[in-house]
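Worksheet: the structure to be examined is printed underneath.
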Amino acid sequence: MTSPGTETSQIRYARLAGFMYLLVDFADGLGMHITSRFQVPVNFAETARRIMGSEFLYRIGLSSFLIASLCTVFLAMGLYVAVKPIDKNLALLALVFRLVEATLFGGLSVLSFVVLELYAGADSTNAFDAKQMLVLGHSGFAAGSVGLDIAMIFFGMGSILFFYLFFKSNYIPKLLSALGLFGSVLTPIVCFGFLILPQYSRVMQFGLAPVAIAEILAGLWLSFKGVNLRPPVSGTMNSVEAQSTR
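Going from the sequence shown to my numbering is simple: count from 1 and add 53.
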């Protein structure tokens, strides 16, 4: 049985997690919306030209990804404290997966800003010939894509465990936790598919939609409702019926 102080802490951290769910998804969405307007896959010269035309806006997009990585740490901590009473070991394992995810996405942010300097050099000094630009375009796109897929695999593993613990509990609606669990299981499968069969990535990317929807719904629920720490109604009714038959 948890103490009132522990329950209060759970509720507060659950609301923190809900807010961070929304903030992480917003920051990632903003970053993708901005940077996708500039990037031309495997065309280094055209991408460099577009970026240098509005470098400040592109830096905002890259910074949004970094903000999402930072907020993932707070998200993971909030989820850990919220579900720790269900199973401490699984909650800790989920926390580790999400922290590794945040680290990998942070590394991708570093890589993105380094590549930005290459874009600036290519556009301002013509330091690269056409063949070198082609190699840089392929290398930069491949490194970012592979890094993203690997980071998403760690995300999926942590998300599976957190939503599984929610499913075991009465903290959020079962349907919502089931959707999150289903979407989280799909995520590593889809990302391994990206790595093994990249030619089908356009089709497989739709497999990431369920977890995105579940995160937004879970974020809204936790932000406004928090977690339900009351025991299940069926369990309460069974105990009352058992006492009445004595």
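Every residue, glycine too, gets a C-beta built ideally from N, C-alpha and C. Source: prediction; values computed, not measured.
In the structure shown, the three-state DSSP call for Lys-221 is helix. Rounded to the nearest whole angstrom, the C-alpha separation of Ile-64 and Thr-100 is 46 Å. Between Val-280 and Ala-67, the CB-CB gap stays under 8 Å. Across the structure, Leu-152 and Lys-141 are spaced so that their CA atoms are roughly 16 Å apart.
The region 226–242 and the region 264–273 touch, with no fewer than 3 CB-CB distances between them shorter than 8 Å.
Per DSSP, Ser-107 is not a residue of any alpha helix (DSSP H), being assigned neither H nor E. For the pair Leu-214 and Ala-173, the Cα-to-Cα distance works out to about 42 Å. In this structure, Phe-150 sits near Met-210, with a CB-CB distance shorter than 8 Å. Per DSSP, reduced to three states, the secondary structure at Asn-96 is coil, with no helix or strand assignment.
For Leu-248, the enclosing alpha helix (DSSP H) has its first and last residue at 227–249. Distance from the CA atom of Ser-276 to the CA atom of Phe-72, rounded to whole angstroms, is 6 Å. In this structure, Asp-81 places its C-beta atom within 8 Å of the C-beta atom of Phe-118.
Of the candidates Ser-89, Leu-282, Leu-157 and Ile-225, Leu-157 places its Cα closest to the Cα of Asp-202. DSSP places Ser-276 inside the alpha helix (DSSP H), whose first and last residues are 262–277. In terms of CA proximity to Leu-164, Ser-116 leads the group Leu-239, Lys-137, Ser-116 and Val-264.
A residue is called buried once 16 or more other Cβ atoms fall within 10 Å of its Cβ, and Val-199, having fewer, is exposed.
C-alpha of Ser-222 to C-alpha of Leu-273: approximately 18 Å in a straight line. In this structure, DSSP gives Lys-141 a helical state, which the three-state scheme calls helix. Taking every protein chain shown into account, the CB of Ala-147 has 16 or more other CB atoms within 10 angstroms, so this residue is buried. Around the C-beta of Gly-160, fewer than 16 other C-beta atoms lie within 10 Å, and the residue is accordingly described as exposed. If you draw a 10 Å sphere on the C-beta of Thr-61, you find fewer than 16 other C-beta atoms in it, and that means exposed. Look at Arg-283 here: in three-state DSSP terms it is coil, with no helix or strand label. According to the DSSP assignment, Arg-255 belongs to the alpha helix (DSSP H) that extends over 254–257.
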